[in-house]
Amino acid sequence: MRYLWMCLAAMCALSAAGISFAGEPGSTLGWLPADSIATGRIDFKNLWRGPLFADYRQSVLRGGAAYSLLQLRMSPRLEDLEEISGGVWMGPEGTPEFLVVLSSTSPIDTGKAARLFLGKSAVEYDKKLGLWWAGEAGPVMARVEPNTLIFGFEKQVKESLSRKKAPVPPERMLAGQVAFRVSKNSFTDGLRAEIPEEFTALGKASSTSVSLVSAGKAMVLSAAMQFSTEEDSAAAVKALENARKMGQGAIEQGRQQIRLELKKNEKSLAEHGALVFGLGGLNLLAKDLDRVPLVRKGKSVSTQLELEASQLGMMGPLLALGMYGWISEGQMGLKPPPAQERAIPAPPEAKEMEGDPVAPQPANPREAALSVNSQNNLKQIGLAIHNYEATYGYFPPAAVIDQNGKPLYSWRVLLLPYLEQDALYKKWKLDEPWDSPNNKSLAEAVLKVFANPEKPTNKTHYRVFVGDKAGWVNSPKGWRPDQANGNGLLKFANFTDGLFNTLAVIESRDPVNWAAPDDLPYDSKNPLPAIGVGDKPFANALFFDGAARRIASKDSEMAMRVLIERADGGALLGLPKPSPKR
9 MRYLWMCLAA MCALSAAGIS FAGEPGSTLG WLPADSIATG RIDFKNLWRG
59 PLFADYRQSV LRGGAAYSLL QLRMSPRLED LEEISGGVWM GPEGTPEFLV
109 VLSSTSPIDT GKAARLFLGK SAVEYDKKLG LWWAGEAGPV MARVEPNTLI
159 FGFEKQVKES LSRKKAPVPP ERMLAGQVAF RVSKNSFTDG LRAEIPEEFT
209 ALGKASSTSV SLVSAGKAMV LSAAMQFSTE EDSAAAVKAL ENARKMGQGA
259 IEQGRQQIRL ELKKNEKSLA EHGALVFGLG GLNLLAKDLD RVPLVRKGKS
309 VSTQLELEAS QLGMMGPLLA LGMYGWISEG QMGLKPPPAQ ERAIPAPPEA
359 KEMEGDPVAP QPANPREAAL SVNSQNNLKQ IGLAIHNYEA TYGYFPPAAV
409 IDQNGKPLYS WRVLLLPYLE QDALYKKWKL DEPWDSPNNK SLAEAVLKVF
459 ANPEKPTNKT HYRVFVGDKA GWVNSPKGWR PDQANGNGLL KFANFTDGLF
509 NTLAVIESRD PVNWAAPDDL PYDSKNPLPA IGVGDKPFAN ALFFDGAARR
559 IASKDSEMAM RVLIERADGG ALLGLPKPSP KR
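Following our numbering, the numbering of the sequence shown begins with 9 at its first residue and continues without gaps.
Following this line, the structure appears as structure tokens:
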């Protein structure tokens with residue numbers, strides 16, 4: 009997977025550097041949804057083979073046999089990589105979704121491609137659809153045509169496979185060797201509130217397009233904004249002119265400040281390099297900003313700027329010089345601080361970790377996504393537990409017990425006000441059991457934060473261990489939440505093993521109604537109940553410090569008891585075993 013992100017990072021870097029060539033948009037855009045709010049495309053083939061990259065390409069080719077061997081291990085080969093496209097759109101729940109498409113001039117070996125982009129651990133988990141996955145909640149890969157790959161999370165990839173490739177209409181075409189377009193959408197509308205008043209006219213653009221083209225070794229950046237009315241485009245030109253003036257003033261102020269800093273003595277290599285880099289960049293900006301034309305034609309505003317490759321070529325070494333000095337002197341400890349003349353001692357070697365269980369990994373992307381959703385629920389519950397403690401000074405009881413010793417309802421009811429369910433909590437009769445006529449109808453509600461992400465119902469797998477030694481205890485008899493009293497309830501001081509090492513909530517095998525006072529009684533002498541949903545080899549768990557993670561559902565009983573007990577005094581799981589006292 010690291011190679012996929014490296015590839016995407018390279019796309020961004022090339023765009024930022026202004027490296028491109030003239031070219032026509034490719035058909036890979038047809039795999040993206042028509043309602044994408046942002047799309048981008050790189051014509052890698054012509055970019056790599058063009059004059060701007062000629063020197064770099066020749067350097068690589070001089071690798072001879074080593075380069076040939078590298079090419080044999082790659083698919084697609086560097087010489088065959090054609091173009092890369094990507095798109096972002098808003099999903100049904102208002103969250104952004106994405107897809108990346110990569111094409112080659114020759115057929116792609118999916119096994120090699122999976123190992124190249126997803127890592128050595130990539131496996132083909134769905135042979136029918138040809139889906140490859142590297143584990144955890146990472147992206148999946150599919151070959152949709154003999155020479156085309158798509159990358160994304162499982163849901164988006166499967167939707168693309170069912171949607172099929174569509175013709176690309178003219179309005180969605182992306183001209184230029186590196187190009188992207190952002191269309192007006194609910195997300196950009198939200199950003200308009202953050203735009204300073206003098207630039208609000210720019211926020212009315214219905215779309216913004218940027219493309220990069222080269223002529224020889226000169227680079228041309230073109231940008232265009234489309235508006236709904238000519239009045240809006242005229243206002244945008246005024247806003248851009250104001251931005252130019254403000255930019256010129258800011259650049260000059262920055263240059264003066266850097267010149268003053270350079271006159272000071274005892275500059276380190278890192279400081280000097282960074283200042284030179286900054287001054288050079290500001291000088292380039294000052295030169296180019298004055299000659300950026302603004303052209304308004306009807307409802308559109310456009311600009312075009314030509315840059316010499318040498319202008320950008322000199323910035324790389326300056327940046328490298330400054331970064332090298334900063335890393336070597338400031339971050340790696342190679343130069344002792346002035347007040348410390350002796351060498352900085354090396355950190356002690358880590359002690360052997362004892363008893364730290366390794367949780368099994370999800371079997372496929374769907375299982376991984378469900379695990380992530382479950383852990384997000386647990387984190388919300390953890391935050392609610394801490395907010396409850398911050399309000400009252402003690403942790404909530406596992407169950408509220410009436411005067412006669414009868415459990416009324418669970419800790420989950422007490423957390424409702426801290427889980428955006430205050431309206432439901434106010435309807436709850438606190439002196440009645442969970443299945444009373446009033447409360448039972450409320451307990452039928454399906455609360456997402458307590459429900460199984462795979463099959464949401466009014467039952468929950470999130471349960472707690474309750475006992476004198478566990479992280480939860482029931483309330484004293486007759487205790488009422490509307491008459492707060494912490495006597496007999498747990499506080500921070502009771503967790504001598506540490507909140508980070510004490511189990512708060514865990515997925516149990518058997519679900520119960522979320523309001524029912526039916527949790528997991530704990531006694532150090534009795535067998536432990538089954539944990540984990542279904543036949544999964546792991547259970548998602550919340551610890552009292554608010555962290556959520558997976559633990560093996562068939563872990564050793566001793567390891568589980570160490571997690572359950574809040575003050576067992578034994579070796580803590582995942583920490584060095586204490587040395588015996590002498």
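Glycine included, C-beta positions come from ideal geometry on N, C-alpha and C.
Item, Value
"Every unbroken beta strand (DSSP E) within the region 443–494, with a cutoff of 3 residues, ordered by chain", "467–471"
"Beta-bridge pairing of L55 - partner residues as DSSP gives them", "Bridge partners of L55: none, in fact."
"Identified DSSP bridge partners for K305", "S308"
"Boundaries of the beta strand (DSSP E) in which L416 is found, first to last residue", "415–418"
"Rounded separation between G143 and W487 - CA only", "47 Å"
"Beta-bridge partners of N521, as assigned by DSSP", "K467"
"Helix, strand or coil at M566 according to DSSP, with G and I counted as helix", "helix"
"Status (buried if at least 16 other CB within 10 Å, exposed otherwise) for A64", "Correcting the residue type first, residue 64 is Tyr in the shown sequence and not Ala. Exposed, because fewer than 16 other Cβ atoms sit within 10 Å of the Cβ of Y64."
"Any 3 or more C-beta pairs closer than 8 Å across the region 88–96 and the region 41–54", "yes"
"Same chain only: Cβ atoms within 7 Å of Q491, ignoring 5 sequence neighbours per side", "none"
"Inter-residue spacing [alpha-carbon to alpha-carbon] between I572 and S129", "34 Å"
"From A183, A242, I409, R374, residue whose alpha carbon lies closest to that of D439", "I409"
"Nearest-angstrom Cα separation, counted from L124 out to P373", "19 Å"
"CA nearest to the CA of P484, picked from N412, A555, L126", "N412"
"Spatially closest choice to R81 from P535, L378, T118, A398, by CA coordinates", "T118"
"Segment contact flag, the region 180–188 with the region 40–49, C-beta cutoff 8 Å, min 3 pairs", "yes"
"Per-residue burial, D364 [other beta carbons within 10 Å of its own, 16 or more giving buried]", "Because the pLDDT at D364 is just 42, under 50, the model does not fix this residue reliably, and the value given afterwards should be weighed accordingly. Label assigned to D364: exposed."
"CB-CB length for K192 against A209, believed under 8 Å", "14 Å between Cβ atoms; not a contact."
"Selected residue, minimal CA-CA separation from E565, among R574, V513, K533", "K533"
"Sequence-distant residues of its chain with Cβ nearer than 6 Å to S217 (five each side left out)", "R189, A232"
"Where L438 falls: helix, strand or coil (DSSP)", "coil"
"Residue closest to N502, alpha-carbon to alpha-carbon, out of V221, R574, F61", "R574"
"C-alpha gap between N384 and A556, whole angstroms", "8 Å"
"Assigned secondary structure, L571 (DSSP; H/G/I helix, E/B strand, else coil)", "helix"
"Proximity below 7 Å, CB of W97 to CB of A122", "no"
"Residue of S382, V176, M227 minimising C-alpha distance to F546", "S382"
"Residue range of the unbroken alpha helix (DSSP H) whose run includes F125", "118–126"
"Under 7 Å between C-beta atoms of A592 and P525", "Past the edges of the chain, shown from 9 to 590, lies residue 592, and the structure says nothing about it."
"Cutoff 8 Å; reference D576; Cβ partners in own chain excluding five residues on either side", "K477, D505, R569, V570"
"Residue environment, T113, which counts as buried when at least 16 other CB atoms sit within 10 Å", "exposed"
"Minimum C-alpha distance to V109 - residue among G95, I514, Y400, N493", "G95"
"C-alpha gap between Y332 and R263, whole angstroms", "Legend: pLDDT at Y332 = 42, less than 50; position of this residue unreliable, no value from coordinates given."
"Spatial neighbours of K387 in its chain, beta-carbon cut-off 6 Å, leaving aside the 5 residues before and after", "A556"
"Residues bridged to R558 [DSSP beta-bridge criterion]", "N548"
"Endpoints, the alpha helix (DSSP H) within which P104 is located", "Unbroken run through P104 is the beta strand (DSSP E), 104–112; no alpha helix (DSSP H)."
"Outcome for Q261 when other beta-carbon atoms lying within 10 angstroms are tallied against a minimum of 16", "exposed"
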